[in-house]
Structures are given as C-alpha cells and as structure tokens.
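Down below is the structure, laid out as structure tokens.
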Amino acid sequence: MPNYALNCPTCGTVLQAKLKAEVTPVACDACGNVFLAQRPESVAKGQLFEDEAPKRTNEKKIRERLASGSKAEAPEVPSLFSEAPPPPPPPPLSLAVLEAGDDVTSSLVIAHFKGSKDFKSFAKAEMEAILARDMEDDLKLVAGIALAVKKGAVPPPEKLPLEPVTTIDVLGLSADAVAAKIVGALGDAPSRGCVLVLQGLSGTGKGTTVAKLQALLPKASTWSNGNIFRALTLLALEYFNSHGLAFSVEALSPALVAQLVKMLHFEQTSPKGAAVPTFDVRIDGLGIRAMLSQIANTALKDAKVSKNIPSVAGVTQGEVIAFAAGCAEKMRQAGMNVLIEGRAPTLQFVRTPFRFELTLSKPLVIGKRRAAQRLVGIAMEGLKQGCPPGAPPPEPAAVIAALEKALVACTSK
Numbered sequence: 000m001p002n003y004a005l006n007c008p009t010c011g012t013v014l015q016a017k018l019k020a021e022v023t024p025v026a027c028d029a030c031g032n033v034f035l036a037q038r039p040e041s042v043a044k045g046q047l048f049e050d051e052a053p054k055r056t057n058e059k060k061i062r063e064r065l066a067s068g069s070k071a072e073a074p075e076v077p078s079l080f081s082e083a084p085p086p087p088p089p090p091p092l093s094l095a096v097l098e099a100g101d102d103v104t105s106s107l108v109i110a111h112f113k114g115s116k117d118f119k120s121f122a123k124a125e126m127e128a129i130l131a132r133d134m135e136d137d138l139k140l141v142a143g144i145a146l147a148v149k150k151g152a153v154p155p156p157e158k159l160p161l162e163p164v165t166t167i168d169v170l171g172l173s174a175d176a177v178a179a180k181i182v183g184a185l186g187d188a189p190s191r192g193c194v195l196v197l198q199g200l201s202g203t204g205k206g207t208t209v210a211k212l213q214a215l216l217p218k219a220s221t222w223s224n225g226n227i228f229r230a231l232t233l234l235a236l237e238y239f240n241s242h243g244l245a246f247s248v249e250a251l252s253p254a255l256v257a258q259l260v261k262m263l264h265f266e267q268t269s270p271k272g273a274a275v276p277t278f279d280v281r282i283d284g285l286g287i288r289a290m291l292s293q294i295a296n297t298a299l300k301d302a303k304v305s306k307n308i309p310s311v312a313g314v315t316q317g318e319v320i321a322f323a324a325g326c327a328e329k330m331r332q333a334g335m336n337v338l339i340e341g342r343a344p345t346l347q348f349v350r351t352p353f354r355f356e357l358t359l360s361k362p363l364v365i366g367k368r369r370a371a372q373r374l375v376g377i378a379m380e381g382l383k384q385g386c387p388p389g390a391p392p393p394e395p396a397a398v399i400a401a402l403e404k405a406l407v408a409c410t411s412k
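Just so we're aligned: 354 in numbering that gives the first Met the number 0 is position 355 of the sequence shown, and the numbers increase by one with no gaps anywhere.
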C-alpha cells in the first residue's frame, strides 16, 4: 500500500500516511489535528467524499443567517483530494504572527518544535501545573459556594434545574471550527438574544472561542466577574476606612456583604430602542458615585484593591454569582447575546439552555498550547528590545532564533 503525501489543513505540516480506505482519518503529529483524507484515485473516478462543489460557510454568511433568524450551520470542510484547491502553506513565524497571539500562532509554534524533547518536557510540566492549579481553584470555588449556600445567597447546587451541557472535544479543531459548532447549535436564538455559558479547564481555548463568537454573533457582549469583585473590594476598603477600622476579612459579615452589593446597580446606559443596547454598573455608596467603566483602569486597579481581592472574593462568591446571573438575564431581555466563560461550579447558577464545555481528549495539548504562549511572550520581549522604532521587522530566522532561545531559558531553570 503506497504512502501519500498530505498537508495538514491546520498547520501545513507535510505528512506521509497510508490511506487504507477510500476515506481515512489522519492525525497530524505536529499539532494534533485529525482530518479526513481521500485517495486521489477515488477523486479521479468521481467518488468524492464531499459534494462535488463543496460548500464553504464564511463569517459573513453566518452573520446573515443569524440576522435573519435562520439556523447557522458549521462550515463543511472539503476533502483534501476534492476539487477544492489545496490549503495554502503555513505562514512563516514572523513577528506579525507572534503579535497575533491566537490559536494559529500556537499551532505554528508547536509545529516548529515538533520532535523537540525539550519542548515536550516543557509542555508536560506546563500541563501538570495547569491541572494542579485548576484543581486548587475548583476546591476554592466549591468552598466559596458552600459558604454562599450557608448564608442563603444562592440555593444548594443539588437543587438547581441544571440544563444539559454540550461537550466539544477541541482536539484538532481550530477556534473558528469550535465557534462554528457552537453557532450552529444556537439555532435562531441569537436573533432574539440569548445567554451562552462556556466552561472548561484552562488551556482548552475558552477565551479565544469567546472572542470568535463575539465577532460572529449580533449584539454580542462578554461578561466578567473580575470588575465586580474589584468594585466590592473598593467598597469594603472604603467602609473600614470610613469607620476607622483596619481591613479584616473576618469582619465582612453576611449583612455587611449584602449591604455592599446593594450599592451596585446594573443599568442600561443607551437610549431605549438603540440598535445595540449598552449597559454599565453604577456604584453608589460610601461616598463613591461612579460608573464602573469610568474607574475600571484607575480606582479599581489601585494596589490596595488588587492586594485584597482574593480575601473579598472568598466571602462574596455567591453574591457575585447571583448578581451576574441577574445582569445576564437583563441583557438577554434587551436582545443581547451574552457570552460568559468560566468554571462549572459558578456557571451552574446561570440559567440558560445554551451550555457548552470545551474538553481536550489529549491533555498534553493543553501543555503544548500554554508552552507555546509562554515562548511567544518571552520571544516578543527580546525581539522588541532589539528592534527600535522605525526599524524594519526582524526576519523569520531571527524570530525562530528568539523562540529557541526562549525554550532554552524556560527549560534550563
């Protein structure tokens, strides 16, 4: 049986594979992508795996479907040996590719270090660290939720009417493909407004997928609890300061936390009937009167606030979860598509039929992605220091050298 030369449609790596059947799944050793390949002689006989004129669904078509209220379909990918032209070769590892910092960047870096024992060891260490941190974070979340249940801030998790969760194994899928699957599952809901929650372990691509969804869906808005925790921390510090007391997490009683939460008001800031409604949180209490967006990069980033966020977050999990769920529902009622990413223990308190979880059947890929991201960050620092303003960008060879130098620095510690 002959070997066939194939190009991975994700990272462009040239592969040698035996195609045992007319259509055979092939795994790329470089990036982990799994795709379907068809024998070229089958194409010659007219036995195409896909339609003879493969359909392609692009971002514009998805937007048109959503705007009209019709169901969007995931893009159909033509067979490698169909009548569609072969995929273009992967771009070189340039400074522009590194600056993009997306899933393509990670795939190209991973492909470059294919076969590197040092990179594999680095990726394994990153994977183990991520899984350990995620487990620790989940334990803290569970403890915070247990406290919230005890205070009556949220109902017990076992009494929640939890909707089914759609699981997507992202192994071998680009962020565009994952986003397309999710959009297809939403049907016509985005034309009316919906709440979408996306959960999964660190490194599965939640943030990148949400960014893709925000570009695809009409009236899309993301939600983050981060600034809500910061606002409560700011109010708590002001409370203790105004009463001449030193900050103490033990003194943050359920009654005081409830009082602080009542100082946060979620409001629509755009006129009624606006094409795309806008919302903000108004802070009003203890002498602080401001919209959250106005102080997000000033008062909320104060060193004292940042230092005390973990302590405040530990005793306000339930209140913030309930606040976020209410805000998301208000936005949905205004026709917005609200995208919330996070961890399952907190997202279970948000009511929506559109629940998705990203998984990776090969956890080492999580480590490879994080390792690639770290190398890109280190390499870019060095490249920018050696590239003064106005100078031409470094050649790909210099970019590769910077990445390899970064790997040495990360594995020699």
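Positions of the beta carbon are idealized from the N, C-alpha and C atoms, including for glycine.
{"Asked": "Is Asn307 helix, strand or coil when you go by DSSP?", "Found": "helix"}
{"Asked": "Would you call the stretch 128-145 and the stretch 310-320 touching, i.e. three or more CB-CB distances under 8 Å?", "Found": "yes"}
{"Asked": "In the DSSP output, which residue or residues are listed as bridge partners for Val153?", "Found": "In DSSP, Val153 forms no bridge with anything."}
{"Asked": "Under 8 Å, do Ile464 and Phe322 count as touching if we go by C-beta distance?", "Found": "Not covered by the structure: residue 464. The range shown for the chain is 0 to 412."}
{"Asked": "Consult DSSP for His111 and reduce its assignment to one of helix, strand or coil.", "Found": "helix"}
{"Asked": "For Val256, tell me which candidate among Ala4, Gly313, Lys306, Met290 has the shortest Cα-Cα distance.", "Found": "Gly313"}
{"Asked": "Does the stretch 189-198 come close enough to the stretch 373-386 to have 3 or more Cβ pairs within less than 8 Å?", "Found": "no"}
{"Asked": "What's the gap between the Cα of Asn307 and the Cα of Leu159?", "Found": "31 Å"}
{"Asked": "Taking buried to mean at least 16 other C-beta atoms within 10 Å of its own C-beta, is Glu340 buried or exposed?", "Found": "buried"}
{"Asked": "Could you tell me the alpha carbon to alpha carbon distance between Val304 and Gly286, rounded to whole angstroms?", "Found": "17 Å"}
{"Asked": "Below 8 Å, how does it come out for the stretch 257-264 and the stretch 372-381: are there three or more Cβ pairs, yes or no?", "Found": "no"}
{"Asked": "Thinking Thr207 and Asp101 are a contact (beta carbons under 8 Å), I'd like their distance in whole angstroms, please.", "Found": "6 Å"}
{"Asked": "Can you tell me where the alpha helix (DSSP H) holding Leu226 begins and where it ends?", "Found": "Checking the sequence, you will find Asn at residue 226 rather than Leu. Residues 225-241."}
{"Asked": "According to DSSP, is Thr221 helix, strand or coil?", "Found": "strand"}
{"Asked": "Within the continuous alpha helix (DSSP H) that includes Ala99, where are the two ends?", "Found": "94-99"}
{"Asked": "Could you tell me which residues DSSP pairs with Phe353 in its beta bridges?", "Found": "Leu195"}
{"Asked": "So what does DSSP say about Arg288, is it helix, strand or coil?", "Found": "strand"}
{"Asked": "Given a threshold of 16 other Cβ atoms within 10 Å of its Cβ, counted over all protein chains shown, does Leu97 qualify as buried or as exposed?", "Found": "buried"}
{"Asked": "Would you mind stating whether Glu125 and Arg281 have Cβ atoms separated by less than 8 Å?", "Found": "no"}
{"Asked": "Could you pull the DSSP bridge partners for Asn6 from this structure?", "Found": "Val13"}
{"Asked": "Where does the unbroken alpha helix (DSSP H) through Gly366 begin, and where does it stop?", "Found": "363-384"}
{"Asked": "Output yes or no for whether 8 Å exceeds the beta carbon distance between Val311 and Leu251.", "Found": "yes"}
{"Asked": "Quick check on the DSSP output: the alpha helix (DSSP H) that includes Thr410 runs from which residue to which?", "Found": "395-410"}
{"Asked": "Tell me, please, whether the stretch 121-138 touches the stretch 352-366 by the rule of three or more beta-carbon pairs shorter than 8 Å.", "Found": "yes"}
{"Asked": "Find out if the Cβ-Cβ distance for the pair Ser223, Asp133 is shorter than 8 Å.", "Found": "no"}
{"Asked": "Closer than 6 Å by C-beta to Ser292: which residues in its own chain qualify, once you throw out the five before and the five after it? Chain order, please.", "Found": "Asp279"}
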